[in-house]
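Q: Before I ask anything, let me first share the structure, which is written out below as structure tokens.
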DNA sequence: CCTGCGCGTTAAGGTTTCATCAAGATCCTT
DNA sequence: AAGGATCTTGATGAAACCTTAACGCGCAGG
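If you want it as structure tokens, here you go:
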């Protein structure tokens, strides 16, 4: 996170408060060095005071918007409404007037960050023989062909893949796929694990990825 | 655009000003009808007054955020800072205190809309048999002829194409096309997917692009 | 050696889900 | 106000899926 402000007191207050929330804070005290820091460090958010000594705040905003869509929160002493409009239309994401409450600023920061990171990238798990894409709900064999999985098969595989390398107990599997009432129906597991092996393993009767831990549960080993 | 406020004077002022800017405005005067209107009309932005007669404003925000990421701008008389924090953390995008300047509100609206419609990464998707142009809302067959799609057909196709390669659950499709109240009407999907196939697939009864994943949803595979 | 247990495998039945068609209801335009 | 397009709704046969039961195998303990 980058804070650009020419008042040392504000800079200090922000640095302390933000650092206390585990934000990585860097600072700049004029527009030019702010833009330079922006290019150098690529922060997640920029907090920008409009009253800078060297250049107009909207110029800084435009300078950033030319190449990045990083959220910009503008900070400013109470000015004319047209100033807010200019800053927002230049590409700012939010506008807070000083004096401001730290809690409000933090909340607006969270909102800006939340908006900017919409894609919690789901992992793609690869093995030598197939690839599991959790986001697309898709399994592809090494030769490129798709594997057709039924809903239950997919649920089961998903749990095992999300816990890859770890042993998952029969109880947990049954509970998450079939519900708490089926905790003891380990028959279901045998049937469905066998189906998954038939579809995924190069040698279904000698499993390499979907391993049985006798008496306990199953493990997916990539 | 949807405005939810219980003060008729504000409602009128906003309606006039927004309509003058060529916004399509619809209104609601309490939380419940606001949520209903949201589901029914799918506006691009929601302007929400926190002081509603029937329910807490943050509840409305959460109600929307449960299924949509439509920008929400909160309007409120000056209150305690914690109110702002609560609204923003519930999922609001911006917070404006009354009395407010119309120009500022409009600028914040523009900012919210700008953020919500990010640069479409790949607005044209091609297959061997047809081309979908998301920006122009147009589908062209390989021989150059246009495909006529009804609004509902287009909405459905758009979601599938935007998520190309990924499985989209029935739930998500129903929610985004027909609204959260239709989550279980999977009949609609069958009818409309069949229509899309009839218009796009070379062999409608043996789909190549619009694939069914039984029990889970549909997938567009280019 | 026999027995019991856990696991793998297979297949049949019953149920759910899907594709397709068509008729009414509704919306929109003329 | 009529007509066409579009959207709902219901019914039907077909396909996919889930459940269940039966049987074989290997292994440990009696």
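Chains as they are written, first to last, in this note's numbering: chain A, 1 to 222; chain B, 223 to 444.
For each residue, glycine too, the CB sits at the ideal point set by N, CA and C.
1) For chain A, is any of its Cβ atoms less than 8 Å away from the one on residue 266/B?
2) Measuring straight from C-alpha to C-alpha, what distance separates residue 187/A and residue 218/A?
3) Per DSSP, which one or two residues make a beta bridge with residue 263/A?
4) Against chain B, which members of the segment 110-134 of chain A pass a CB distance test of less than 7 Å?
5) Below 9 Å between beta carbons is the criterion; list the residues of the segment 268-284 of chain B that meet it against any residue of chain A, in chain order.
6) Helix, strand or coil for residue 431/B? Go by DSSP, reduced to three states.
7) Considering only heavy atoms of the ligand FAD, does any lie closer than 7 Å to the CB of residue 400/B?
8) Any idea which residues DSSP pairs residue 365/B with across the strands?
9) Applying the 10 Å Cβ sphere with the 16-neighbour rule, what's the burial state of residue 399/B?
10) State whether the segment 163-171 of chain A contacts the segment 80-92 of chain A, with contact taken as three or more CB pairs (one from each stretch) at a distance under 8 Å.
11) Which whole-angstrom value describes the C-beta separation of residue 104/A and residue 307/B, a residue pair presumed to lie in contact below a C-beta threshold of 8 Å?
12) Closest Cβ-Cβ distance between residue 389/B and chain A: below 8 Å?
13) Just reading off the beta strand (DSSP E) that residue 272/B is part of, what are its end residues?
14) Hey, does residue 20/A have any beta-carbon neighbour from chain B nearer than 8 Å?
15) Please confirm whether residue 330/B has its beta-carbon closer than 8 Å to some beta-carbon of chain A.
16) Okay, do the segment 349-368 of chain B and the segment 318-333 of chain B touch, 3+ Cβ pairs below 8 Å being the bar?
17) Can you pull the chain A neighbours of residue 303/B, defined as C-beta to C-beta under 8 Å?
18) Taking all protein chains shown into account, decide if residue 43/A is buried (16 or more other Cβ within 10 angstroms of its Cβ) or exposed.
19) Counting only C-beta atoms, is residue 98/A closer than 8 Å to chain B at any point?
20) Which residues does DSSP pair with residue 94/A in a beta bridge?
21) Restricting to Cα atoms, I'd like to know which of 277/B, 234/B, 328/B and 251/B is closest to residue 243/B.
22) Classify residue 24/A: buried if its beta carbon has 16 or more other beta carbons within 10 angstroms, exposed otherwise.
A: Short version:
1) In the second chain, counting from the first residue as 1, residue 266/B sits at position 44. It does not: the Cβ of residue 266/B has no partner Cβ on chain A nearer than 8 Å.
2) Within the first chain, numbered from 1, the residue matching residue 187/A stands at position 187. Within the first chain, numbered from 1, the residue matching residue 218/A stands at position 218. Cα to Cα, the separation comes out at about 13 Å.
3) Lying outside 1 to 222, the shown extent of chain A, residue 263/A is not represented and no answer is given.
4) 110, 111 and 115
5) none
6) Taking the second chain and counting its residues from 1, one reaches residue 431/B at position 209. Three-state result, residue 431/B: coil.
7) The ligand FAD is absent from the structure shown, which contains no ligands of any kind.
8) Taking the second chain and counting its residues from 1, one reaches residue 365/B at position 143. Answer is none; residue 365/B lacks a bridge partner.
9) As a working mapping, residue 399/B is identified with position 177 in the second chain. Buried: at least 16 other Cβ atoms inside 10 Å.
10) no
11) Locating residue 104/A in the first chain gives position 104, where the first residue counts as 1. Locating residue 307/B in the second chain gives position 85, where the first residue counts as 1. Between residue 307/B and residue 104/A the Cβ distance is about 6 Å, and since that is below 8 Å, they are a contact.
12) Numbered from its first residue, the second chain carries residue 389/B at position 167. Yes, contact with chain A.
13) Locating residue 272/B in the second chain gives position 50, counting from the first residue. Note, residue 272/B: premise wrong, no beta strand (DSSP E); not H, not E.
14) As a working mapping, residue 20/A is identified with position 20 in the first chain. No, because no Cβ of chain B sits closer than 8 Å to the Cβ of residue 20/A.
15) Start at 1 with the first residue of the second chain, and residue 330/B comes out as number 108. Interface residue, yes.
16) no
17) Along the second chain, one-based indexing puts residue 303/B at 81. Those within 8 Å of residue 303/B in chain A are 101, 103 and 104.
18) Here residue 43/A corresponds to residue number 43 of the first chain, with the count starting at 1. Classification for residue 43/A: buried.
19) Taking the first chain and counting its residues from 1, the one referred to as residue 98/A is at position 98. Residue 98/A does not count as touching chain B.
20) Here the question's residue 94/A lines up with position 94 in the first chain. Residue 94/A is bridged to 73/A.
21) On the second chain, residue 243/B is found 21 positions in, with the first residue counted as 1. The shortest C-alpha separation from residue 243/B is found at 328/B.
22) The count along the first chain starts at 1 and reaches residue 24/A at position 24. Exposed is the call here.
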